[in-house]
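Residue numbers (full-length UniProt numbering): 1 to 315.
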C-alpha cells in the first residue's frame, strides 16, 4: 500500500493515509535458519597486525614525528597484551562485528542520520520527457528492489524469514504511482517526513506524540513495514546547471537531504529519491548489494531513458 503523509488542522499532527494502491499480500512462515544459513562460515577476524598497520597509516597525517613514534610504541604494547587477548575472544563469536556495529554506528549516535551518518548515492542522470517517464522509472526501481528482496527470501536469511508474495507488475505500479501524483496535488498542508531528519532524541519524542493518534499508529506501521519509501520530487533544476560539477553538486544536495525545506527536504522519509528532472539516487546505510541492483535499472532502453555510465558517485 502506498500512503501519503500530511499534517491536519487544529487538533494536532495527523498522518493521513490519503492514497491506497493495490496491496501486495504476504504470508509469513517460519523464520528458522535454513540448512544453507547454518553452513555459513564464521565472520573472519582480521589479522591484528594488519589492523594496527592500517590504524597507524590512518593517523599518520595528523601526528608529528614524536607523536607518531609514541603511537607506534603503544600499538606494539597493545598487540602483545590486550590486543592478543581480545582477538581470542572475538573468535568465539559467529559474528563478532554485529552487536558492536549496531550500537556504535546506529543506536548510540544521536545526531540526525541525514548528512551526519547516512551517505547517499547519485545514479546515472536520466532525461525524463514527461511525468510518465519518471513514474515508469520509479516502477522499475521498485521492481528491482523487490527482486533483491526475493533473493533474500529465497535463502531464508535469519533476520528475515520466508515470505510468499504476489508481486505487482510494472504497469500496475505505474498506475498506483499516478494515483499518488494526482491526489497529492490536492494536498496543501506540510508533510511530517522532515521530522525524520531531526536529532534522534527529538524525532523519538515527536514519534511518541504522533503515535497518540490511532490513524498515525496505522500509518507509521505501514511506513515501518514497507520495503522502501519512494520520494517523487519536484524538478531540482538539474538541467539548468551550466557545468557537470554544478550538476553533481545539486544532485548530491537533493539526494542526501533534499536541498532544504524550500526544495524537496520535506518530501522525505530518508530512503530513496527520484526527481522529475532525471536526477535520482538514494540515501542508504549498509545495503551495497541493493544499490548495485538498482543501478542496473536503466539498461539503456531505446527511445526512453538515456544513461551516462560515468555519472554514478558516492556522496
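Think of the CB as a built atom: it goes at the ideal place given N, C-alpha and C, for glycine as much as any other residue.
Could you pull the start and end residues of the alpha helix (DSSP H) that residue i belongs to?
| i | result |
| --- | --- |
| residue 230 | Looking at the DSSP string, residue 230 is not in any alpha helix (DSSP H); the run it does join, the beta strand (DSSP E), is 230-233. |
| residue 187 | Per DSSP, residue 187 belongs to no alpha helix (DSSP H) and is neither H nor E. |
| residue 205 | 200-210 |
| residue 75 | 65-80 |
| residue 248 | 244-257 |
DSSP on residue i, reduced to helix/strand/coil?
| i | result |
| --- | --- |
| residue 141 | helix |
| residue 114 | strand |
| residue 192 | coil |
| residue 215 | helix |
| residue 223 | helix |
| residue 24 | Below a pLDDT of 50, predicted positions are generally treated as unreliable, and residue 24, at 33, falls in that range; the measurement from the model is reported next regardless. Coil. |
| residue 121 | strand |
| residue 151 | helix |
| residue 87 | helix |
| residue 126 | coil |
| residue 104 | helix |
| residue 239 | helix |
| residue 275 | In this prediction, residue 275 scores a pLDDT of 44, lower than 50, which makes its location untrustworthy; no coordinate-derived value is stated. |
| residue 268 | coil |
| residue 109 | coil |
| residue 169 | coil |
| residue 45 | coil |
| residue 262 | coil |
| residue 93 | coil |
| residue 177 | helix |
| residue 40 | coil |
| residue 33 | Only weak support is given to the placement of residue 33: the predicted model assigns it a pLDDT of 46, under 50, and the question is left unresolved by the model. |
| residue 285 | The predicted model places residue 285 with a pLDDT of 48, which falls under 50 and marks its position as unreliable, so this point remains unresolved. |
Could you tell me whether the Cβ atoms of residue i and residue j are closer together than 7 Å?
| i | j | result |
| --- | --- | --- |
| residue 222 | residue 264 | no |
| residue 107 | residue 79 | no |
| residue 170 | residue 139 | yes |
| residue 144 | residue 228 | no |
| residue 266 | residue 191 | yes |
| residue 110 | residue 50 | no |
| residue 193 | residue 268 | yes |
| residue 94 | residue 42 | yes |
Under 7 Å, Cβ to Cβ, is there at least one residue of chain E near residue i?
| i | result |
| --- | --- |
| residue 74 | As a matter of chain content, chain E is missing from the structure shown, which is built from one protein chain. |
Tell me, to the nearest whole angstrom, how far the beta carbon of residue i is from that of residue j; I am working on the premise that it is less than 8 Å.
| i | j | result |
| --- | --- | --- |
| residue 96 | residue 90 | 4 Å |
| residue 253 | residue 238 | The pair is not a contact, with the Cβ atoms about 11 Å apart (cut-off 8 Å). |
| residue 197 | residue 114 | 4 Å |
| residue 74 | residue 56 | Wrong, their Cβ atoms sit about 10 Å apart, outside the cutoff. |
| residue 174 | residue 135 | 5 Å |
| residue 230 | residue 142 | 7 Å |
| residue 206 | residue 220 | That belief does not hold up - the Cβ atoms of residue 206 and residue 220 are roughly 11 Å apart, past 8 Å. |
| residue 199 | residue 112 | 6 Å |
| residue 319 | residue 255 | The structure shown does not extend to residue 319, since the chain is modelled only from 1 through 315, so no value can be given for it. |
| residue 131 | residue 181 | 7 Å |
| residue 261 | residue 236 | Not really, about 14 Å apart at Cβ, beyond 8 Å. |
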